[in-house]
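Taking it in order: structure first as structure tokens, then the write-up.
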Amino acid sequence: MLKFKYFVEQHVFGVCTRMGEKFGIATGSIRLYFIYTTFLTMGSPIIIYLILAFWMNIRKYLRQRNHPTVWEL
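Position 61 (the sequence shown) corresponds to 61 in UniProt numbering; numbering is contiguous.
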């Protein structure tokens with residue numbers, strides 16, 4: 001079970017982790033609230049989660065383009 005947990009934490013978008021770091025809240029509780037609200041509202045928070053994940057990846061991509069590494073020059 002721990003292998004599955006580490007796999008999910010490393011390969012999922014990291015939206016809950018980023019929110020936990022930004023607001024100073026435990027990541028586990030954010031994930032639980034997300035799961036509970038997803039079941040209660042029949043899946044609508046998944047759309048918000050995917051929008052946030054897309055936004056985070058675009059920001060990461062734009063930051064890399066503004067500050068290229070030595071190997072990319």
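Backbone N, C-alpha and C define an ideal beta-carbon position, used for all residues, glycine too.
Fewer than three pairs of CB atoms, one per stretch, sit closer than 8 Å, so the stretch 15-27 makes no contact with the stretch 40-47. A direct Cα-to-Cα measurement between L32 and I48 gives close to 16 Å. Runs of the alpha helix (DSSP H) spanning 4 or more residues and lying entirely within the UniProt domain "Phage shock protein PspC N-terminal" (12-56) occur at 15-23, 27-40, in chain order. Here the C-alpha atom of I46 lies approximately 21 Å from the C-alpha atom of Y6.
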